[in-house]
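Chains as they are written, first to last, in numbering that gives the first Met the number 0: chain A, 0 to 433; chain B, 0 to 433; chain C, 0 to 433; chain D, 0 to 111; chain E, 0 to 111; chain F, 0 to 111. All C-beta atoms, glycine included, are put in the ideal place defined by N, C-alpha and C. As the structure is a prediction and not an experimental result, all values here were calculated from the model.
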Amino acid sequence: MLKRIWAHSGRVGILGLATMALASQPALAADKLDTGNTAWMLTSTALVLMMTIPGLALFYGGMVRKKNVLATIAQSFAITCLMTVLWMVAGYSIAFSDGGSLNSFWGGLSNAFLVNMGKDTLNGSIPDSVFMTFQMTFAIITPALITGAFAERMKFSSMMVFSGLWVIIVYAPITHWVWGGGFLGEAGVLDFAGGTVVHINAGVAGLVCALVLGKREGLGNESMAPHNLVLSVIGASLLWVGWFGFNAGSAVAADESAGMAMAVTQIATAAAALSWMVIEWVLKKKPSVLGLISGAVGGLVAVTPASGFVDPSGALMLGLIAGAICYWGATSLKNMFGYDDSLDAFGIHGVGGIAGALLTGVFAKSAIGGTAGLLEGNAGQVLIQLEGIVATIAYSAIVTFVLLKIIGAVMGLRVSREEEIEGLDYNEHGETVH
Amino acid sequence: MLKRIWAHSGRVGILGLATMALASQPALAADKLDTGNTAWMLTSTALVLMMTIPGLALFYGGMVRKKNVLATIAQSFAITCLMTVLWMVAGYSIAFSDGGSLNSFWGGLSNAFLVNMGKDTLNGSIPDSVFMTFQMTFAIITPALITGAFAERMKFSSMMVFSGLWVIIVYAPITHWVWGGGFLGEAGVLDFAGGTVVHINAGVAGLVCALVLGKREGLGNESMAPHNLVLSVIGASLLWVGWFGFNAGSAVAADESAGMAMAVTQIATAAAALSWMVIEWVLKKKPSVLGLISGAVGGLVAVTPASGFVDPSGALMLGLIAGAICYWGATSLKNMFGYDDSLDAFGIHGVGGIAGALLTGVFAKSAIGGTAGLLEGNAGQVLIQLEGIVATIAYSAIVTFVLLKIIGAVMGLRVSREEEIEGLDYNEHGETVH
Amino acid sequence: MLKRIWAHSGRVGILGLATMALASQPALAADKLDTGNTAWMLTSTALVLMMTIPGLALFYGGMVRKKNVLATIAQSFAITCLMTVLWMVAGYSIAFSDGGSLNSFWGGLSNAFLVNMGKDTLNGSIPDSVFMTFQMTFAIITPALITGAFAERMKFSSMMVFSGLWVIIVYAPITHWVWGGGFLGEAGVLDFAGGTVVHINAGVAGLVCALVLGKREGLGNESMAPHNLVLSVIGASLLWVGWFGFNAGSAVAADESAGMAMAVTQIATAAAALSWMVIEWVLKKKPSVLGLISGAVGGLVAVTPASGFVDPSGALMLGLIAGAICYWGATSLKNMFGYDDSLDAFGIHGVGGIAGALLTGVFAKSAIGGTAGLLEGNAGQVLIQLEGIVATIAYSAIVTFVLLKIIGAVMGLRVSREEEIEGLDYNEHGETVH
Amino acid sequence: MKYIIGIIKPHRLDPVPTPTAENGIEGITVSEVKGHGRQKGHSEIYRGAEYQVSFLPKVKIEMAIDETREDEVVSAITGSAGTGKIGDGKVFVLPLESAVRIRTCETGKQAI
Amino acid sequence: MKYIIGIIKPHRLDPVPTPTAENGIEGITVSEVKGHGRQKGHSEIYRGAEYQVSFLPKVKIEMAIDETREDEVVSAITGSAGTGKIGDGKVFVLPLESAVRIRTCETGKQAI
Amino acid sequence: MKYIIGIIKPHRLDPVPTPTAENGIEGITVSEVKGHGRQKGHSEIYRGAEYQVSFLPKVKIEMAIDETREDEVVSAITGSAGTGKIGDGKVFVLPLESAVRIRTCETGKQAI
Ligand SMILES: Nc1ncnc2c1ncn2[C@@H]1O[C@H](COP(=O)(O)OP(=O)(O)O)[C@@H](O)[C@H]1O
Ligand SMILES: Nc1ncnc2c1ncn2[C@@H]1O[C@H](COP(=O)(O)OP(=O)(O)O)[C@@H](O)[C@H]1O
Ligand SMILES: Nc1ncnc2c1ncn2[C@@H]1O[C@H](COP(=O)(O)OP(=O)(O)O)[C@@H](O)[C@H]1O
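(1) I want to see whether chain F comes within less than 7 angstroms of Val58 (chain E), judged by CB atoms only; does it?
(2) State the CB to CB distance for the pair Leu55 (chain E) and Lys33 (chain E), rounded to an integer number of angstroms; the pair is presumed to be in contact (CB under 8 angstroms).
(3) Could you work out which residues of chain E lie near Gly429 (chain C), taking near to mean beta carbons separated by less than 7 angstroms?
(4) Say yes only if the C-beta of Glu61 (chain D) is nearer than 6 angstroms to one or more non-hydrogen atoms of ligand 1, and no if none qualify.
(5) According to DSSP, is Gln24 (chain A) helix, strand or coil?
(6) Does the distance from the CB of Ile420 (chain C) to the CB of His10 (chain E) come in under 7 angstroms?
(7) Going by other Cβ atoms of all chains shown within 10 Å of its Cβ, with 16 needed for buried, is Met82 (chain C) buried or exposed?
(8) Alpha carbons only, please: which of C:Pro172, C:Glu216, C:Ile167, C:Gly181 is nearest the one belonging to Ser415 (chain C)?
(9) Assuming His35 (chain E) is part of the beta strand (DSSP E), what are its boundary residues?
(10) Would Gly219 (chain C) and Ala356 (chain C) be called neighbours here (beta carbons separated by less than 7 angstroms)?
(11) Could you tell me whether any Cβ in chain F is nearer than 7 angstroms to the Cβ of Ile64 (chain D)?
(12) Considering just the uninterrupted stretch of the alpha helix (DSSP H) at Met62 (chain F), what are its terminal residues?
(13) Among the residues of its own chain, which have a CB less than 6 angstroms from the CB of Tyr116 (chain E), if the five just before and after it don't count?
(14) Determine whether the beta carbon atoms of Lys128 (chain A) and Asn110 (chain A) lie at a separation below 7 angstroms.
(15) Run through the DSSP bridge pairs and tell me what Arg413 (chain B) is partnered with.
(16) Check the C-beta distance from Val84 (chain A) over to Ala329 (chain B) and give it rounded, since I have them as a contact under 8 angstroms.
(17) Go ahead and label Ala110 (chain F) buried or exposed: buried means 16 or more other beta carbons lie within 10 angstroms of its beta carbon, across all protein chains shown.
(18) Cβ of Tyr326 (chain B) within 7 angstroms of Cβ of Trp280 (chain B)?
(19) Under 7 angstroms between the Cβ atoms of Ile93 (chain C) and Ala171 (chain C)?
(20) Locate the alpha helix (DSSP H) running through Pro142 (chain C), then write down its first and last residues.
(21) Excluding the five sequence neighbours on either side, which residues of its own chain have a C-beta within less than 6 angstroms of the C-beta of Leu27 (chain B), listed in chain order?
(22) Is the distance from the Cβ of Met49 (chain A) to the Cβ of Gly297 (chain A) below 7 angstroms?
(23) Is Gln113 (chain D) near ligand 1, in the sense that its beta carbon is under 6 angstroms from a heavy atom of that ligand?
(24) Could you tell me if Ala366 (chain C) is buried or exposed, where buried requires 16 or more neighbouring beta carbons within 10 angstroms of its beta carbon?
(25) Compare the Cα-Cα distances from Met153 (chain B) to each of B:Leu423, B:Gly117, B:Val432 and report the closest residue.
(26) Is Ser103 (chain A) closer than 7 angstroms to Phe182 (chain A) when the C-beta atoms are compared?
(27) Residues of chain B with a CB under 8 angstroms from the CB of His10 (chain D): which are they?
(28) Less than 6 angstroms separating the Cβ of Thr28 (chain F) from some heavy atom of ligand 2?
(29) Quick one: does the C-beta of His41 (chain E) sit closer than 6 angstroms to a heavy atom of ligand 2?
(30) Following the continuous alpha helix (DSSP H) through Glu43 (chain F), name the residue where it begins and the one where it ends.
(31) Can you tell me whether DSSP reads Ala98 (chain F) as helix, strand or coil?
(32) Opposite Glu49 (chain E) in the DSSP bridges: which residues?
(33) Is Ile76 (chain A) close to chain B? Criterion is C-beta to C-beta, closer than 7 angstroms.
(34) Can we count Lys108 (chain D) as close to ligand 3, meaning its CB is less than 6 angstroms from some heavy atom?
(35) With a CB to CB cut of under 6 angstroms and the five nearest residues on each side skipped, what residues in its chain are close to Gly98 (chain A)?
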C-alpha cells in the first residue's frame, strides 16, 4: 500500500521517508484536491517549460557563432515537442508507475499513453494530470541541456533520434530510481529537485557526446566567441526565474517547504554568481558578463538537489563553493582534458550537479528536510549521496555511449565539414538570420 | 436566476450545461472566494498578457523585414493599451452583462466603466475584478492577432481606429454569444478557451483585411524573408508558456479541469509542431525553424476550443491533424487564392481555429468535459460546432469588411507607396533599429 | 503584541490600519498557512524577479548605444546577485524586524542572516521565507532602477560598492519607515506597493547620481539614440507582466484586494501609455515606440502606491495624468535643468512616483482600501502623502550624495574618457556583441 | 579593365541586373553603406532629444568589368536603379590594373 | 577627378565635415569596417578561452571629388579625424575616371 | 603604390596573413559584403514562399601597398584564401596615387 502511494506521490515520497511514521495518515488526507497546491503546480509547470523555451534556447543560442544560432535554438524547441509526446507515450509510465517485481529499476508500461490518468485521478493533493505535466517539463529540459555539449556540429536528425531514445532508456529509468520508488530513493539519496536525475545525468551524457563527436572544426584556430551575449543573459534570467518552478515546485505544494526551497535557491544562485565573478575578476582582471550568468546557472544547478534540505546559511556556503567549482569546471577542467564541450554542459551541469549532490549531504539540516547532513554529524549521508552520483554517472555514461555509437553507425552524427564551416542554420534548416 | 449566474460565471457556464442539474447547488457554494482558484486566475491573467506583450509582438516582429520591426511590435503594444481602456469602458459590459431582452445578442451597457464591479463582487469563487481582467487579456490578444494579416503596410492611425471599433462591435458581442449567455452558448457550442471567439474570429477578420488592403509592394519580386527568426522563436515560446493561462485558466479554477486542460494543451501543441516539421521535411527537404514554431502555434490554436473536452489521446490526434492542416493553410491555401496574409493570421489562426472547433466536436469525451463527441457517437455535436463556426465567420467577415471600407474612405488604410518601401519604422514612428 | 504582528506582516500592516479594530482577530486566524495565498506569493516573487532580470536589464539595455549594451545589462544582473546576499545578511532584518526603542527608524540586526526564520515561521498566512524572498525582489529592483541615471559612464566596481551600501543605508531603513512599523507607516502614509519606498527613492537617488557624475562624453554633439528598441519593448513588456506580482502581490494574499490591485494596475498603465502617445503624436507629429513603452512604465510607477486604494475609474484618471506628467519629466524637465539622467530614472520613476503618491491621496476610495482621499473629502490624506514624499526625498538625496562623494574620493566613479568613448562592454567586461 | 562603384538606394538593388552571359557582368559584390549628398538625412526624436541622422542607408555595388562593356554596364545600372528622385546615387568608374581569380589563379579578363 | 578613401576611428566620424557648398565636398559615403595596422586588436576571454580579436572597428569614408579640391579635402579629413593616437587611420587617393549621377545622368564634375 | 581589393570566402579570413614586418603588408581593412558570381546563391523557403538569396556572404579585404610588393601580396592572398571550390573570389589591383597617415600626416610609402 505504501508502495503505491509512494510511486504516485513522486518526490514527495522522498521527504516522506523522514516522516515515514506519518505516511499512512497524510496519504488519506491527501486524497482531496487542494486548489492552492494545484495553483502553484500549474504555475510551476509553466515556469519549468519557460526554462527550456525560451530560456535554455536563448542561453545556448547567444553563445554560439551567428551562423548556428537558429540551429541551436531549434534543438531546444524540437526537443520540447518530441519529449512531450514521448513522455505521454511511455516516459511517464516508466518513471512513475509501479513496476511490480522490477520496481527497483523501472515502472513498466502499464500507464503508457496515460491510460490510467483520468481527469479526476489525484496525485497527493493535486490532479495527476498536473503532476504528469510538471514531470514532463523535467523530461524536456534534461535532453535539452545535453545539446550544449554537441552544439555547432551535430546533425539535427541524429540529434532527434538520440534525444528520443535517451529520454526513454536513460532519463525515465533514472527518474524512477530516485523518485518513482526505485533503489536510489529507497537507499535514502537526497535529491529534492533533480541534481542527480537531471543535471548529473545530462552533464555526463553531454561529456560522452563531446568525446564521441569530437571537436568543432577550427577550434583553437578560429574565434568561437559568443555572437550575442544579450541573448544569453535573457536566457539565463529566464532560467533563474523559471527555476523557482523547478525547485519550489518540487515540493508539490504551496507550503513551507516550497517557500524555503525558493529562498535558498535565490540565495545560492546569487552567491555562486558573485563567487565566479570575483574569481574571474581576480584571475583575469575583468568580471565578464558570461561569467556572471554562468556562475548563476552553476548555483542553480548545485542548489537543485539541496533546495528542500538546507537553510539559508547553508545555501550561502553551498553557492559560494559551487561558483568556484563550476568556474574550474568550465575553464580549467575542460582545457586539461581537451574535449570540446562547446557550451559546457558537463562543465556546469555535470560538475555543478556532482558538487551540489555532495554538498547536500554536507549541509542538509534535519529542521529543514528531515535529514541531517555531515555538519550535523551524519557523515553517512555523504556516502549515500555518492552512491546516487556513481550509479547515475555509470548508467548514463555507458548507455549514452552505446546509443551514440549505434546512431553514428546507422545515420552518422555530425554534419559534413563544409556544412559545419558554412553554418548549420542554412544547411540544416534552410534559414538564416538576416 | 440561473441566467444571472450564467452571465457572470462566463465560460464556466458552458461546462455548467453538462451539469445543469447541479447548477443551482455550486452556485451557492461558489459564493465564497477560494484563494487557490484566485491565485491561479491572477497568474493566468499575467500569462495571457505575456502572450501579447512580448509574445505575439516578437513572434510577428521577427517575421517582418528589418525596416518594419518596430512598427510591427508597436501594433501589439498599442493594442494592449487601447483594448484595456475600451474593455473597461464598454467591452466587458457588452460581453458579460445581462442584456435583458437582447441577451441572446449582447450584454448591454449596464456595466460600462465597471460600475457594478465592487471590490468584493465575486464571480464564482474568484473576485469579479480578476475575471474581468482575465477576460481583458483575451480582448487584447484577439485584435493583436489580426495585425499579422496587414503587417508591413497599414497606417498606425487607421490600425488603432479599426482595432478599437472592432473590439466593441465584433469581439465583445461574439464573446457574449458564446460565453456571456448568448445564443451560441445556449445552442451548446463547445469552445473552452476561445477557438471560435478568439481564433476563428481574428483569423477571418485578418483575411478580410488582407483582401481589402491588398498586397505588399514588391510581393513576388522582392525577398520578404523574416529578418530575425530568433525573435519569432522567443515569441512562439512565450505564446506557448502563456497559453497555459489561456487554456488552463479558462477553467476559472485550479482544479482537475484546469489540470487536464494544461496536459492536453501541451500534448496537442507538441504533436502539431512535429506534424508540420515532418511534412515540411519530407516535402521541402529541410525542417525549418519557422515551420516548427508555426506548427506549435497552430496546435495551440486548434486545441484551444478542445482543451476542456478531450483527453490526452484525443489531443495527440487533434494536434497531429492540426499541424498538417495549418501547414496547408499557411502554404498552399494562401498561394491558391493569392491574397497577402503577411504573417498568416488566417492561415494559422483562422484555419487552425476552424479545424480545432470541428475536431472538438469529434474528439470530445464525456468523461472529460461532460459532452460526448462524434467518436463517442454524438455526431450532432459536430453540427453544433459548425453552427458556431458559421455564425462567427459570417458576422466577423461582414462587419470587418464594412468597418474597413468606412475607415478607408475617411482616413485611408495604407501608408503611401514610398513610405512602405522606405519602411514603417521611420515613417510611422520616427525611429529605427540602429 | 500588535507591533510584532505589524512588523511581521509588512505592508499588510498598512491596510491593517483601516481595520484596526479587526487586527487582533485576523492575527490569530492568520497563524495558519493558506496554500492559495502562498501559491500567489510564490508566483509574485518569481514575477518581481523577472521585472529586473531580464525585464529592466533589457528595457535599459536597448536604450543605450551598442558599445554599452552588455555593461548596462550586467548592472541589473550583478545587482540582483549582490542585493540577494545583502538582503539575507542584513537588509531584511533592518527593514522588517522590531527595532525596539529605535523601531520608528530601523529594525535592527536581530534577524541578520535570517537567524529567526525557521522553515515553519509564518508571516500572516504565508511562510516567512516567502515574504522574505518577495521583499528581496523589491530590494533588488530598487537599486537596479537607479542604474538608468548613470548608464554609459559609471565604473562597474564603484557601481557595485555604491549599490551595496545604498541598499543597506538608504533602502532598508526607508522600507522600515513605511512598511516595517516605522514612523511613516504610523503616520498613515498610503503606499501599497512601493511608490515611495521604491520609485521616489530610486528616482531621487538617480537624480543625485546624474548630477554628481556629470554628463556623458559627447552629449549634445553625438547621437545617443537607442541602439535597439526591440530589446526595450521586450523589457517594458516583462516589466508590465511582472508588475502584477509587484502590485497585486503586495496584497500578500490571493484575495479581493489583489484582484482589484491587478485590475487598476492594468488600467492605469494602459491609460498612461495612451496619454503619452497622444501628447507626443500631437507635439512631435509621430507616436514613437519609445514613447508608448515609457508611458506604460510611467503608469506602472504612478499606480504602484495607489493600487490597493483606488477603483478602476480612479485608475483611469490617475493613468492619464501620470502619462502626461512623465512625458514632461522625461523631456522638458530634464532639458530645463540640463542634467544627464541617461535613461530617465528620475524623469520617470522619480517624477512618476511623486505624482502617483500624491494622486493616491486624491483618488483613494474608502470602499477599496479603507482610506478616503481628497475626492471623498479627506484633504488631509494629500498632506500625509506629502510628508512621506518629503521625508523620502530628503533622506535619499542626502545619503546618496554623501555615499557618492566618499566612493568617488576612494575609488573614483567614472571610467576614463577613452574607455567611455570606446565603450564599456569591452573596457569593463572584456566582451563585445559580435 | 574598369572597376565600377555604384551607390544606389537600398530598395533598388533587386532591379539591378545580376550577372549573366549576355549583360557583360561577370560578378558583383554588394555592401550596406550610408550616404549623405543632396539628400540630407532625417532626424529622430527619443524622449524629446532630437538626433540628426545625417546618413541614409544606401547600397554599394562593385563590379570589375572589361573596359569594352563600360557604357553598357553603367547604363544598365543607371537605368535600373534610377527613380528620378533625390538620393538616387552615383556611378563611379575607376581604372583597374589587374585581376586574379583566386580559385584558378587566372588573371586579367579571364578573372573578372 | 579623385576618389578619396579614408579609414578613421569610429567615434571620429561626427567631426568629419559633411558636404557643404563651401568645403568642396559634394557627397560622402560611409561604411563600417574593421582594421588592423600598427594598432593590433585585443583579446577577449570567454570561459577561460582567449580569442584574439585582431580587427578593430573603423569607419570607411569615400568621396569622389574634383582634383582641384584634393588637398583641401584630405586635410579636412586628417584635421578632423586625427587624435594623435595609434590607430587614427589613413587617407588614400585613387584616380577616378568618370562619374554619373543616376537621377539625371549628368556625368563628370557635375556628377560628383 | 597599389590598392589591393580582395573578395574572399568568409571563413577564409583567418588564414589571410596579418601585417608583419616581413610580409610586406602594413595594414589591412576588412568588411562584410555579399557577392554573386559563378556561385549563384541559394534559396530559402519560409512557409512555402521561396526567396532567392542571390548574394552570398563574402569578406572584402583592402590593402594599400608599395608596388614592389604587389606579386608577393597577391599570391599571399590567393594562397591562403583559395579552397579550389567555386566562389573562392577575386583579387583586384587598382592604382593608388597617394596616401596619408592621419596620425602623423606622413605621406606616400611612409603612410601605407
Ligand atoms: N561625391 C560623392 N562621393 C561619394 N559618394 C557620393 C558622392 N555624391 C553622392 N554620393 C553618394 O550617393 C548618395 C546619393 O547622393 P545624392 O546627392 O543624395 O543623390 P542625387 O545625386 O540623386 O541627388 C549619397 O547618399 C552618397 O552615398
Ligand atoms: N596599408 C593599409 N591598407 C589598408 N588599410 C590600412 C593600411 N594601413 C592602415 N590601414 C587601416 O587603418 C587603420 C589604422 O591603421 P594603424 O596602422 O593602426 O594606424 P596609425 O597609422 O595611426 O598607427 C587600420 O586599422 C586599417 O583599417
Ligand atoms: N567581376 C566582378 N566584380 C566584382 N566582384 C566580383 C566579380 N566577380 C566575382 N566577384 C566577387 O567574387 C565572389 C566570388 O566569385 P565567383 O565567380 O562565385 O567565384 P569563382 O571565380 O571562384 O567561381 C562573388 O561572390 C563576388 O562577390
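Straight from the coordinates:
(1) Translated into positions along the fifth sequence, residue 58 (chain E) becomes position 59. At a cut-off of 7 angstroms, the C-beta of Val58 (chain E) has no neighbouring C-beta in chain F.
(2) As a position in the fifth sequence, residue 55 (chain E) is number 56, starting the count at 1. As a position in the fifth sequence, residue 33 (chain E) is number 34, starting the count at 1. With 8 angstroms as the limit, Leu55 (chain E) and Lys33 (chain E) qualify as a contact, their Cβ atoms being about 6 angstroms apart.
(3) Reading the third sequence from its first residue, position 430 is the one you call residue 429 (chain C). Around Gly429 (chain C), the beta-carbon contacts reaching into chain E at under 7 angstroms are Glu43, Ile44.
(4) Sequence index remark: in the fourth sequence, residue 61 (chain D) carries index 62 (1-based). Checking the Cβ of Glu61 (chain D) against ligand 1 gives no.
(5) Here residue 24 (chain A) refers to the residue found at position 25 when the first sequence is read from its first residue. Residue confidence for Gln24 (chain A) is low, a pLDDT of 37 falling below 50, so the modelled location carries little weight and cannot support an answer.
(6) Counting from 1 along the third sequence, the entry for residue 420 (chain C) is found at position 421. Counting from 1 along the fifth sequence, the entry for residue 10 (chain E) is found at position 11. Cβ atoms of Ile420 (chain C) and His10 (chain E): closer than 7 angstroms.
(7) Numbered from 1 along the third sequence, position 83 holds the residue referred to as residue 82 (chain C). Its Cβ being crowded by 16 or more others within 10 Å, Met82 (chain C) is buried.
(8) Here residue 415 (chain C) is taken as the residue at index 416 of the third sequence, counted from 1. Here the closest residue by C-alpha is C:Glu216.
(9) Residue numbering aside, residue 35 (chain E) sits at position 36 when the fifth sequence is read from its first letter. Element bounds for His35 (chain E): 27-35.
(10) Against the third sequence, residue 219 (chain C) aligns to sequence position 220. Against the third sequence, residue 356 (chain C) aligns to sequence position 357. No, these two residues do not count as a Cβ contact at 7 angstroms.
(11) On the fourth sequence, residue 64 (chain D) is found 65 positions in, with the first residue counted as 1. With 7 angstroms as the cut-off, Ile64 (chain D) does not count as an interface residue toward chain F.
(12) Position 63 of the sixth sequence, counted from the first residue, corresponds to residue 62 (chain F). Bounds of any alpha helix (DSSP H) do not take in Met62 (chain F); it lies within the beta strand (DSSP E) bounded by 55-64.
(13) Residue numbering for chain E in the displayed model covers 0 to 111; residue 116 (chain E) lies beyond these limits and cannot be assessed.
(14) Here residue 128 (chain A) is taken as the residue at index 129 of the first sequence, counted from 1. Here residue 110 (chain A) is taken as the residue at index 111 of the first sequence, counted from 1. Note on identity: in this sequence residue 128 (chain A) is Ser, with Lys being the wrong assignment. No. Outside cutoff.
(15) In the second sequence, counting from the first residue as 1, residue 413 (chain B) sits at position 414. Looking at the DSSP assignment, Arg413 (chain B) forms a beta bridge with B:Met153.
(16) Within the first sequence, numbered from 1, the residue matching residue 84 (chain A) stands at position 85. Within the second sequence, numbered from 1, the residue matching residue 329 (chain B) stands at position 330. Incorrect: roughly 22 angstroms between the Cβ atoms, too far for contact.
(17) Walking along the sixth sequence from the start, residue 110 (chain F) turns up at place 111. Looking at its Cβ environment, which holds 16 or more other Cβ atoms inside 10 Å, Ala110 (chain F) is buried.
(18) Stepping through the second sequence from its first residue, residue 326 (chain B) is reached at position 327. Stepping through the second sequence from its first residue, residue 280 (chain B) is reached at position 281. No, the Cβ-Cβ distance between Tyr326 (chain B) and Trp280 (chain B) is not below 7 angstroms.
(19) Stepping through the third sequence from its first residue, residue 93 (chain C) is reached at position 94. Stepping through the third sequence from its first residue, residue 171 (chain C) is reached at position 172. Yes, they are a contact pair.
(20) Counting from one through the third sequence, the residue named residue 142 (chain C) turns up at place 143. Pro142 (chain C) -> alpha helix (DSSP H) spans 127-145.
(21) Position 28 of the second sequence, counted from the start, is the residue given in the question as residue 27 (chain B). Unreliable positioning characterises Leu27 (chain B) in this predicted model, as indicated by a pLDDT of 44, which lies under 50. The coordinate reading is nonetheless provided below. For Leu27 (chain B), where only same-chain residues beyond five positions count, there are no Cβ hits under 6 angstroms.
(22) By one-based count along the first sequence, residue 49 (chain A) stands at place 50. By one-based count along the first sequence, residue 297 (chain A) stands at place 298. For Met49 (chain A) and Gly297 (chain A), no; Cβs fall outside 7 angstroms.
(23) Residue 113 (chain D) is absent from the structure shown; chain D starts at 0 and stops at 111.
(24) In the third sequence, counting from the first residue as 1, residue 366 (chain C) sits at position 367. The residue is exposed, with fewer than 16 neighbouring Cβ atoms inside 10 Å.
(25) Stepping through the second sequence from its first residue, residue 153 (chain B) is reached at position 154. The shortest C-alpha separation from Met153 (chain B) is found at B:Leu423.
(26) In the first sequence, counting from the first residue as 1, residue 182 (chain A) sits at position 183. In the first sequence, counting from the first residue as 1, residue 103 (chain A) sits at position 104. Result yes, Cβ atoms of Phe182 (chain A) and Ser103 (chain A) sit closer than 7 angstroms.
(27) As a working mapping, residue 10 (chain D) is identified with position 11 in the fourth sequence. Within 8 angstroms Cβ-Cβ: Gly217, Glu221, Ile420, Glu421.
(28) To locate residue 28 (chain F), count along the sixth sequence from 1; it is residue 29. Because some heavy atom of ligand 2 lies under 6 angstroms away, the Cβ of Thr28 (chain F) counts as near it: yes.
(29) Looking up residue 41 (chain E) in the fifth sequence gives position 42. No, ligand 2 has no heavy atom inside 6 angstroms of this Cβ.
(30) As a position in the sixth sequence, residue 43 (chain F) is number 44, starting the count at 1. Run containing Glu43 (chain F): none in the alpha helix (DSSP H); it sits in the beta strand (DSSP E), 41-45.
(31) Taking the sixth sequence and counting its residues from 1, the one referred to as residue 98 (chain F) is at position 99. Strand at Ala98 (chain F).
(32) What you label residue 49 (chain E) is simply residue 50 of the fifth sequence in a count that begins at 1. According to DSSP, which records beta bridges pairwise, Glu49 (chain E) is partnered with E:Ile44.
(33) Counted from its first residue, the first sequence places residue 76 (chain A) at position 77. It is worth fixing the name first, because residue 76 (chain A) is Phe in this sequence and not Ile. Chain B contact via Cβ: present.
(34) Stepping through the fourth sequence from its first residue, residue 108 (chain D) is reached at position 109. False, no ligand heavy atom lies under 6 angstroms from that Cβ.
(35) Residue numbering aside, residue 98 (chain A) sits at position 99 when the first sequence is read from its first letter. Cβ neighbours of Gly98 (chain A) beyond the five flanking positions: Trp105, Gly106, Gly107.
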